[in-house]
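A.B. asks: First residue of the sequence shown? That's 31 in my numbering, and the numbers climb one at a time after it.
A virtual CB, placed ideally from N, CA and C, is assigned to each residue, including glycine.
Since we're looking at a predicted model, the values are computed, not measured.
Just passing along the structure, written as structure tokens.
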Amino acid sequence: MAEAAHKETHGFQTEVKKLLQLMIHSLYSNKEIFLRELVSNAADAADKLRFRALSNDSLYENDGDLRVRLSVDKDAGTLTISDNGIGMTRDDVIEHLGTIAKSGTSEFFSKLSGDQARDSQLIGQFGVGFYSAFIVADKVTVRTRAAGEEASRGVEWQSEGEGEFTVADIEKSNRGTDVILHLKEDEKEFLDDWRLRSIIGKYSDHISIAVQMYKEEVAERDGPDGEKIPAEPAKWETINKATALWTRDKSEVSDEEYQEFYKHISHDYGDPLLWSHNKVEGKTEYTSLLYVPAKAPFDLWNREQSHGLKLYVQRVFIMDDAEQFMPTYLRFVKGVLDSNDLPLNVSREILQDNKVTQAMRQACTKKVLQMLERLASNDKDKYQNFWSEFGNVLKEGPAEDFSNREKIAGLLRFASTHEDSPAQTVSLDDYLGRMKEGQDKIYFITADSYQAAKASPHLEIFRKKGIEVLLMSDRIDEWLMSHLNEYKEKAFQPITRGELDLGELEDEQTKQAQQEAEKKVEGLTERVKKVLGDKVKEVKLSHRLIDSPACVVADEFGMSTQMLKLMQAAGQKVPEMTYHFELNPEHALVQVLAEMQDEEKFSQLAEVLFDQAALTEQGSLKDPASFVNRLNGLLIGLVK
31 MAEAAHKETH
41 GFQTEVKKLL
51 QLMIHSLYSN
61 KEIFLRELVS
71 NAADAADKLR
81 FRALSNDSLY
91 ENDGDLRVRL
101 SVDKDAGTLT
111 ISDNGIGMTR
121 DDVIEHLGTI
131 AKSGTSEFFS
141 KLSGDQARDS
151 QLIGQFGVGF
161 YSAFIVADKV
171 TVRTRAAGEE
181 ASRGVEWQSE
191 GEGEFTVADI
201 EKSNRGTDVI
211 LHLKEDEKEF
221 LDDWRLRSII
231 GKYSDHISIA
241 VQMYKEEVAE
251 RDGPDGEKIP
261 AEPAKWETIN
271 KATALWTRDK
281 SEVSDEEYQE
291 FYKHISHDYG
301 DPLLWSHNKV
311 EGKTEYTSLL
321 YVPAKAPFDL
331 WNREQSHGLK
341 LYVQRVFIMD
351 DAEQFMPTYL
361 RFVKGVLDSN
371 DLPLNVSREI
381 LQDNKVTQAM
391 RQACTKKVLQ
401 MLERLASNDK
411 DKYQNFWSEF
421 GNVLKEGPAE
431 DFSNREKIAG
441 LLRFASTHED
451 SPAQTVSLDD
461 YLGRMKEGQD
471 KIYFITADSY
481 QAAKASPHLE
491 IFRKKGIEVL
501 LMSDRIDEWL
511 MSHLNEYKEK
521 AFQPITRGEL
531 DLGELEDEQT
541 KQAQQEAEKK
551 VEGLTERVKK
561 VLGDKVKEVK
571 LSHRLIDSPA
581 CVVADEFGMS
591 TQMLKLMQAA
601 GQKVPEMTYH
611 FELNPEHALV
621 QVLAEMQDEE
631 KFSQLAEVLF
641 DQAALTEQGS
651 LKDPASFVNR
661 LNGLLIGLVK
């Protein structure tokens, strides 16, 4: 090999430095995963070459037998993982081995606590990858050459896992990548042949690329019964099954194998929550293996981040992240699709409008929703854990997937006035089962927080009558409810908009008391409207309140307060909100206001009541100073 030339030293991205330190300390108890990660990367490189070679078979360079090889040098204390896959250029090496090109990185580091056990779980959600090599190595050397490049275009990357790495040009006769681990003194167990074979059997049996180790020559020897056992020549021996797991009958695949395959395709550290393996024959023929993770990744909320399934055609890898087969609201689903109907030269553009693609997408979507329905039915606690991780993503479904709207709605969970905390959620079926006799609507409220929703004065009449109200406080809820009008023929009704009509839930005794209370404050609404003017659309008496003197109510078909806030947060210009102002005629303050003859004090109290109601609804006031001055004026009058 020629001497390295054009050698440069680069500094690691800041996040890489942090990650390296965390990997070394937090994952030490499960250090053997480094081999799973490096073998998975090598297998991916082989898959990518196979795909690229579909349109240019010269990339094989007369070597089409793709494999991953492990070799040990006990004298040098090195373990080498080699592949003859796609390889890397100099630019690829600097980009992929010097940075973490993953969204959510800053959020990931903000959640680290310094507790090694907890941080190891977070690292698992983030994905470990190439940098796991430094768990067992104090120096890593990578030698690589991209397929199709000249031997002189080889690249050597080297680092001791501290602050920097070097990149140099080298001569490399064969394509692909060699990752050479210079093992730490106390990690020499990974030079043992049996130890390596057991790790590959545990983590990499399912990989469709052959993983090989060198078997030394064995001389002829005597058997236990005196028979001669023939000599065996030295050779590279395949130590994994090297059969794509999804092609095997599911009765032959253990749960442990399914779990390890999930870690291979997702680079997740933890086990999946559930999975489904299906072979479909008929108009379209394909095999699907779909996983729902147990934990959300850090880039879940980046809708632009690549997502989707690994696509194979007749067991030939075609692409990662084929998003055409899974709707965006199920972007957390991982897995593999292997089609017999798509062409090998299929592109993302062809997939977009392909009838086969559409049929597979519908079937995969249906399968995931069925998996979640079964989980929700059979294990409510486990489903609650899923909901805590992915619920807000699932809420995107009713707007995106009209054909499955009712199914998705059945999977939604909400806080409720009939539960004690936001962690205790109810399904819409739970709600329907508890509806009062005569109730024909599903009542809900949206607010900035669970506390704000639960304390809203709009709930007072519902509490008095024991009517359940769904409490919605996630930012997406207002948008969700604009696309979800009914469930099982029961309409959704926001309690903060429009007239409150409880229909058959009203009783004659209550109506009589309301009429008597209204007589006591006759003429009040006209006086208050004159004071407030254009600040309100109208002033009227309300019977939705029990303990509060007043509230503001949005138009039934107009924009809600929460939607206004969402649009403002998105930087959109929105019209000024004008509410209906409702007064509780049975409240002492309102009755005092009705009897008040001093017009200045009347105006002050009317303005204060309106500002209080607006503050409760909006969480802030445009002119808080004026509100405070009016309130102080009333207080001074009381103490004099």
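1) Would you kindly work out how many angstroms separate the C-alpha atoms of I269 and D235, rounded to a whole number?
2) In chain order, which continuous runs of the beta strand (DSSP E) of length 3 or greater are located wholly inside the stretch 362 to 390?
3) Where does Q354 land, buried or exposed, given buried means 16+ other C-beta within 10 angstroms?
4) Is the stretch 617 to 627 in contact with the stretch 577 to 590, if contact means three or more CB pairs nearer than 8 Å?
5) In terms of residues, what are the limits of the alpha helix (DSSP H) holding P428?
6) Kindly provide the ranges of any alpha helix (DSSP H) runs that are 4 or more residues long and lie completely inside the stretch 424 to 469, ordered along the chain.
7) Report all residues from its chain with a CB closer than 8 Å to the CB of Q523; omit the five preceding and five following residues, and keep chain order.
8) Taking only runs of the beta strand (DSSP E) that begin and end inside the stretch 539 to 604, which ones reach a length of at least 3 residues, in chain order?
9) Grab the span of the beta strand (DSSP E) containing I63 for me, first residue to last.
10) Determine the burial state of H610: buried for a count of at least 16 other Cβ atoms within 10 Å of its Cβ, exposed for fewer.
11) Considering F328, what are the terminal residues of the beta strand (DSSP E) in which it resides?
12) Starting from the Cα of Q454, find the closest Cα among W417, V423, H297 and G427 and give me that residue.
13) Using the Cβ count rule (16 or more neighbours within 10 Å means buried), how would you classify L668?
14) Would a C-beta distance cut-off of 8 Å place L405 and K397 closer than the cut-off?
15) Over what stretch of residues does the alpha helix (DSSP H) that includes A644 continue unbroken?
16) Taking DSSP as the reference, what is the three-state secondary structure of P302?
17) Do you know how far the Cα of D531 is from the Cα of A547?
18) Do you know whose CA, among D285, S281, D368 and I348, lies nearest L319's CA?
19) Between the C-alpha atoms of E516 and R660, what's the straight-line distance to the nearest angstrom?
20) Tell me whether Q242 sits in a helix, a strand or coil according to DSSP, three-state version.
21) Nearest by alpha-carbon distance to N671: which of Q627, Q188, T317 and D301 is it?
22) With 16 other CB atoms within 10 Å as the buried threshold, where does E529 fall?
23) Are there 16 or more other CB atoms within 10 angstroms of the CB of A75, so buried, or fewer, so exposed?
24) Tell me the rounded alpha-carbon separation between L330 and D77.
25) Examine the Cβ distances between the stretch 555 to 564 and the stretch 589 to 605 and report whether three or more of them are shorter than 8 Å.
26) Determine contact between the stretch 372 to 392 and the stretch 344 to 359, defined as no fewer than three beta-carbon pairs at a distance below 8 Å.
27) Measure the beta-carbon distance from V166 to K214 and round it to whole angstroms, keeping in mind my assumption that it falls under 8 Å.
28) When the Cα of G440 is compared with those of K425, E449 and D279, which residue comes out closest?
29) Based on Cα-Cα distance, which residue from K271, G253 and A249 lies nearest to A261?
30) For A131, count neighbouring Cβ atoms within 10 angstroms of its own Cβ and tell me buried if that reaches 16, exposed if not.
31) Which stretch, first to last residue, makes up the alpha helix (DSSP H) that contains W224?
32) Cβ of V376 less than 8 Å from any chain C Cβ?
33) If you scan the stretch 254 to 296 from start to end, which runs of the beta strand (DSSP E) of 3 or more residues do you find wholly inside it?
34) What is the rounded straight-line gap between the Cα of I442 and the Cα of L458?
35) Assign K309 to one of three DSSP states: helix, strand, or coil.
36) If we count the other Cβ atoms within 10 Å of its Cβ and call it buried at 16 or more, is Q634 buried or exposed?
C.D. replies: Taking the structure as given:
1) The alpha-carbon separation between I269 and D235 amounts to approximately 8 Å.
2) Correct list: 364 to 369.
3) Counting other Cβ atoms within 10 Å of its Cβ, Q354 reaches 16 or more and is therefore classed as buried.
4) Using a C-beta cut-off of 8 Å, the stretch 617 to 627 makes contact with the stretch 577 to 590, since at least three inter-stretch Cβ pairs fall below that distance.
5) Unbroken alpha helix (DSSP H) run through P428: G427 to E430.
6) Annotation note: the stretch 424 to 469 contains the following uninterrupted alpha helix (DSSP H) runs of length 4 or greater, listed N- to C-terminal: 427 to 430, 435 to 441 and 458 to 463.
7) Cβ within range, chain order: K471, I472, Y473 and F474.
8) You should have 566 to 571 and 580 to 583.
9) Secondary structure note for I63: it is in no beta strand (DSSP E), and the uninterrupted alpha helix (DSSP H) holding it is I63 to R82.
10) Taking a 10 Å sphere around the C-beta of H610, we find 16 or more other C-beta atoms and assign the residue as buried.
11) Membership of F328 in any beta strand (DSSP E) is not indicated, and neither H nor E is assigned to it by DSSP.
12) For the residues W417, V423, H297 and G427, the minimum Cα distance to Q454 belongs to W417.
13) The residue is exposed, with fewer than 16 neighbouring Cβ atoms inside 10 Å.
14) Pairing L405 with K397 gives a Cβ-Cβ distance that is not under 8 Å.
15) Segment E629 to Q648, the alpha helix (DSSP H) holding A644.
16) Taken through DSSP and simplified to helix, strand or coil, P302 comes out as strand.
17) Whole-angstrom Cα-Cα distance: 18 Å.
18) Comparing Cα positions, the closest option is D368.
19) Taken atom to atom, the span from the alpha-carbon of E516 to that of R660 is near 44 Å.
20) In the structure shown, Q242 falls within a strand segment according to DSSP collapsed to helix, strand and coil.
21) Any property of residue 671 remains undetermined from this structure, which presents the chain solely from 31 to 670.
22) Under this definition E529 is an exposed residue.
23) That one is buried.
24) Roughly 26 Å separates the two Cα atoms.
25) Flag = no, the stretch 555 to 564 and the stretch 589 to 605 do not touch.
26) Yes, the stretch 372 to 392 touches the stretch 344 to 359.
27) Right, their Cβ atoms sit about 6 Å apart.
28) Measuring from the Cα of G440, the nearest candidate turns out to be K425.
29) Of K271, G253 and A249, the residue nearest in Cα terms is A249.
30) Its pLDDT being 46, under 50, A131 is placed unreliably in this model, and the coordinates cannot settle the point.
31) W224 -> alpha helix (DSSP H) spans D223 to Y233.
32) You won't find chain C in this structure, because it holds only one protein chain.
33) Positions of the beta strand (DSSP E) runs, each at least 3 residues long and wholly inside the stretch 254 to 296, are given as 265 to 268 in order along the chain.
34) It is Leu, not Ile, that sits at residue 442 in the sequence shown. Going from the Cα of L442 to the Cα of L458 covers about 7 Å.
35) Strand.
36) Q634 should be labelled buried.
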